[in-house]
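Have a look at the structure below before the remarks.
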Amino acid sequence: MLSKRARSSGKAPEKDVSSEVSKEETPTENGEDNGKTNGETSQDGPKEAAKTTYEPARRELKPPRVLEALSASGLRALRYAREVEGIGQVVALDNDPASVEACQRNLKFNGLMSTSKVESHLTDARVHMLTNPKEFDVVDLDPYGAPSIFLDSAVQSVADGGLLMCTATDMAVLCGANGEVCYSKYGSYPLKGKYCHEMALRILLASIESHANRYKRYIVPVLSVQMDFYVRVFVRVYTSASAMKNTPLKLSYFYQCIGCDSFHLQSVGRSLPKNKSVRYQAGVGPVVPQDCTHCGKKYNMGGPIWSAPMHDQEWVASILNGVKSMKDRYPAYDKICSVLTTISEELLDVPLFLSLHSLSGTLKCTSPSAAMFRSASHANRYKRYIVPVLSVQMDFYVRVFVRVYTSASAMKNTPLKLSYFYQCIGCDSFHLQSVGRSLPKNKSVRYQAGVGPVVPQDCTHCGKKYNMGGPIWSAPMHDQEWVASILNGVKSMKDRYPAYDKICSVLTTISEELLDVPLFLSLHSLSGTLKCTSPSAAMFRSAVMNAKYRVSGSHVTPLGIKTDAPMEVIWDIMRCWVKNHPVKAQSPEHPGSVILSKEPSLQVDFSRHVGSLSKAQVKKEARFLPNPEKHWGPKIRAGRQITSKHVSLIGHEAVNDHLNGHKEAGAQEEAEGGKEEKQEDVSEDDEPELKRQKTEEDIASTS
267 MLSKRARSSG KAPEKDVSSE VSKEETPTEN GEDNGKTNGE TSQDGPKEAA
317 KTTYEPARRE LKPPRVLEAL SASGLRALRY AREVEGIGQV VALDNDPASV
367 EACQRNLKFN GLMSTSKVES HLTDARVHML TNPKEFDVVD LDPYGAPSIF
417 LDSAVQSVAD GGLLMCTATD MAVLCGANGE VCYSKYGSYP LKGKYCHEMA
467 LRILLASIES HANRYKRYIV PVLSVQMDFY VRVFVRVYTS ASAMKNTPLK
517 LSYFYQCIGC DSFHLQSVGR SLPKNKSVRY QAGVGPVVPQ DCTHCGKKYN
567 MGGPIWSAPM HDQEWVASIL NGVKSMKDRY PAYDKICSVL TTISEELLDV
617 PLFLSLHSLS GTLKCTSPSA AMFRSASHAN RYKRYIVPVL SVQMDFYVRV
667 FVRVYTSASA MKNTPLKLSY FYQCIGCDSF HLQSVGRSLP KNKSVRYQAG
717 VGPVVPQDCT HCGKKYNMGG PIWSAPMHDQ EWVASILNGV KSMKDRYPAY
767 DKICSVLTTI SEELLDVPLF LSLHSLSGTL KCTSPSAAMF RSAVMNAKYR
817 VSGSHVTPLG IKTDAPMEVI WDIMRCWVKN HPVKAQSPEH PGSVILSKEP
867 SLQVDFSRHV GSLSKAQVKK EARFLPNPEK HWGPKIRAGR QITSKHVSLI
917 GHEAVNDHLN GHKEAGAQEE AEGGKEEKQE DVSEDDEPEL KRQKTEEDIA
967 STS
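Quick note: to get the working numbering, add 266 to the position in the sequence shown (first position is 1).
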């Protein structure tokens, strides 16, 4: 570990070069120059200094600091101090007084070396890691059960390029026995399979990466091991906002056939070259048809999991060589060597694995030998949940109001409230697919992964591919009773709200939305795909309602239409509209041409429906008010350079106000600076007089 740290010192945080040079030029306690080599005399000092002035300053490698976040009796912290050469300070934490007393007692038993290197504290590990960001070169997490509640603080306390070691023992959860609990704790849905233990490793890595990304950090796994009853990962943590963008390329959803257990991976994101840069987009999917091509059954969908390499082969080889060179120091030498050797022989870029017994069991045949098969193939973390009461998009921001409850049983319903979504890259048709599903089992409920994909590989309307995103919240975003009570309260105290009209219009529009319909359609987008004139909102609503579907507006935009009608019905309505309002011919490959080439299967009725007008239109009330001032929106962030883009977005007036504000602030600082200079210009002869006056004032104030 230490040798690898020395080789990768370039990733360490940069220090001031001047301070490094001053350290090298400072004499030691014995009167020797730190920059000299063995055998040099003090007379050679100036010559050597002249030589070294042109060499780049070298970083001083300090002994690594280690944090054992959950130490219990302190056994592992003691082993770090006694067995790892060149180690620095070891901090052992625990929130149990008895454990801390046992740790301190063990430190005394192990002599002066242990007490000088190891310090024990009674504190919450999460608080300690949060209050010491980037302080430790090594952080060791080995909790009882799931480490999920410690990951957020752990990725912050590791120094740049440092090592995070994390253990998880909740294997039943990670391996798919309780998929809904796994999703709540780690943000991934597991599927049962012979590869479940490797999947557990990849779910843990994906969760650590997710926590690190929130702080512009990312991980590089060097070793990931499943042994006995636990999984343990060793990852380096780095800081880079640009490298962090590659995270979607390292994660994948996976489809597993419920019949033959065939599985397929689908990347969360993809990168496209754009001139000299890279552009990131959602992954294209689904990568499988709706029915398995091998056995005809449906697929379960899980993930996302880590699909990039889980090991650093060079690092594993160096550790293996180190273990072999110190064979006598390891009682479990044979076990360690066998595990590391097997890992060093794995294919790095192949996630998950096949089981010969599972394949043979599906076909009810005898299993081929492994050699024969190879030659042929060559191959909610805290038990809490939320209930939204109001979710608003206004102007240039979004704001949500949610109630937070604690319930381990209700938390299991989280996958039922979330959905992946597929969006066609041609016609923008979208489809939702639930992350999980519930099945009745006697008097209880059993949870399973959602069935998918809900769409074929090519769009049935225009023939293009799909982008896949999510998961997103697909349950209701508002509590209608809560919104109604707030609206009544606002109306009863109209004089207290300067923005009364704006508040009432937004809350009223929200109260009229369809609660159980996620997302909305845009008439302009539909018409733009077909290159036709847009029908009026009232006419389109009438057609939807005459087809026996519900429809409402959206508080996000006046052009938004929420409806529970499927996309097939929506495009049939638009086809019938185009028949009455013909369009110019487009190329046959254009999505609009493909859609219009099909005959509508629905006889659309465009006659005016009673409920086609919204309540606002009936009452002739405005729902979307104009902005209160010109160039409404966020102003320039402090410290930003003014560009032509800022002028075009926020206007000359706002830019001038911003600049004038800075000038006034600068003038005020100069005035204050002038006062300080005048005070400093007082001559030394006047200082005794000032001191005497100050003393007299102090005596007068106390008398």
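Don't be surprised by glycine CBs; every beta carbon is placed ideally from N, CA and C. Bear in mind the structure is a predicted one, so any value in this text is a computation, not a measurement.
query: Per DSSP, what kind of secondary structure is W572 in: helix, strand or coil?; result: strand
query: Using only alpha-carbon positions, find the residue among G549, K730, C432, P900 that is nearest to I861.; result: K730
query: Could you say which of W843, W572, T774, V668 lies nearest to K885 if we only look at CA atoms?; result: T774
query: Using CA coordinates, which residue listed in S695, P719, I827, D745 is at the minimum distance from L796?; result: S695
query: Taking just the CA atoms, how far does D527 sit from E349?; result: 46 Å
query: In angstroms with no decimal places, state the Cα-to-Cα distance between P681 and A888.; result: 38 Å
query: Where do the ends of the alpha helix (DSSP H) carrying I776 lie?; result: 766-777
query: In the DSSP assignment, find the beta strand (DSSP E) that holds L233 and state where it starts and stops.; result: Coverage of the chain is limited to positions 267 through 969, which leaves residue 233 absent and any answer about it impossible.
query: Thinking C-alpha only, which one of N512, K511, H530 is nearest F520?; result: H530
query: Return the CA-CA distance between G858 and V534, expressed in angstroms with no decimal places.; result: 28 Å
query: Is there contact here, the region 748-762 with the region 786-796, by at least three beta-carbon pairs under 8 Å?; result: no
query: Have a look at G428, C432, Y461, P456 and flag the residue whose alpha-carbon is nearest the alpha-carbon of R483.; result: G428
query: Would you give the residue range spanned by the beta strand (DSSP E) that T795 belongs to?; result: No beta strand (DSSP E) contains T795, which is instead part of the alpha helix (DSSP H) from 789-796.
query: Find out if the Cβ-Cβ distance for the pair D406, N361 is shorter than 8 Å.; result: no
query: Which residue comes first and which comes last in the alpha helix (DSSP H) that contains W748?; result: 746-758
query: What do you get for R669, buried or exposed, if any count of 16 or more other CB atoms within 10 angstroms of its CB means buried?; result: exposed
query: Can you grab the Cα-Cα spacing for the pair D436 / A412, in whole Å?; result: 6 Å
query: Between D426 and Y481, how many whole angstroms is the CB-CB distance? I'm expecting something under 8 Å.; result: Between Y481 and D426 the Cβ distance is about 11 Å, and since that is not below 8 Å, they are no contact.
query: Which residues does DSSP pair with L471 in a beta bridge?; result: Looking at the DSSP assignment, L471 forms no beta bridge with any residue, so it has no partner.
query: Using the Cα positions of L868 and S771, report the straight-line distance between them to the nearest angstrom.; result: 36 Å
query: Between W843 and S802, what straight-line distance do the alpha-carbon atoms span, to the nearest angstrom?; result: 11 Å
query: Pair every Cβ in the region 494-504 with every Cβ in the region 460-469, then say whether three or more of these pairs are closer than 8 Å.; result: yes
query: Quick one: is G568 near chain D, going by C-beta distance under 8 Å?; result: Chain labels in this structure do not include chain D; a single protein chain is all it has.
query: Give me the Cα-Cα distance between E975 and A343, rounded to the nearest whole angstrom.; result: Nothing about residue 975 can be read from this structure; the chain reaches only from 267 to 969.
query: Which residues bound the alpha helix (DSSP H) around T381?; result: 378-383
query: Exposed or buried, which one is P737 when buried takes at least 16 other CB atoms within 10 Å?; result: buried
query: Applying the 10 Å Cβ sphere with the 16-neighbour rule, what's the burial state of K451?; result: buried
query: Please look up how many angstroms separate the CB atoms of Y449 and V701, rounded, as I've assumed it's under 8 Å.; result: 7 Å
query: At what residues does the beta strand (DSSP E) containing F696 begin and finish?; result: 696-700
query: I believe C441 touches H463 by the beta-carbon criterion, under 8 Å. Please report the beta-carbon distance rounded to the nearest angstrom.; result: 7 Å
query: Let me know the secondary structure DSSP gives V499 once reduced to three states.; result: strand
query: According to the neighbour-count rule (16 or more other Cβ atoms, all chains shown, within 10 Å of its Cβ), is M1015 buried or exposed?; result: The displayed coordinates of the chain run from 267 to 969. Any statement about residue 1015 would go beyond what the structure contains.
query: Decide if K516 is buried, meaning its Cβ has at least 16 other Cβ atoms within 10 Å, or exposed.; result: buried
query: Considering only residues of the same chain and omitting the five flanking positions on each side of P409, which have a CB-CB separation below 6 Å?; result: L336
query: To the nearest angstrom, how far is the alpha carbon of P824 from that of V616?; result: 48 Å
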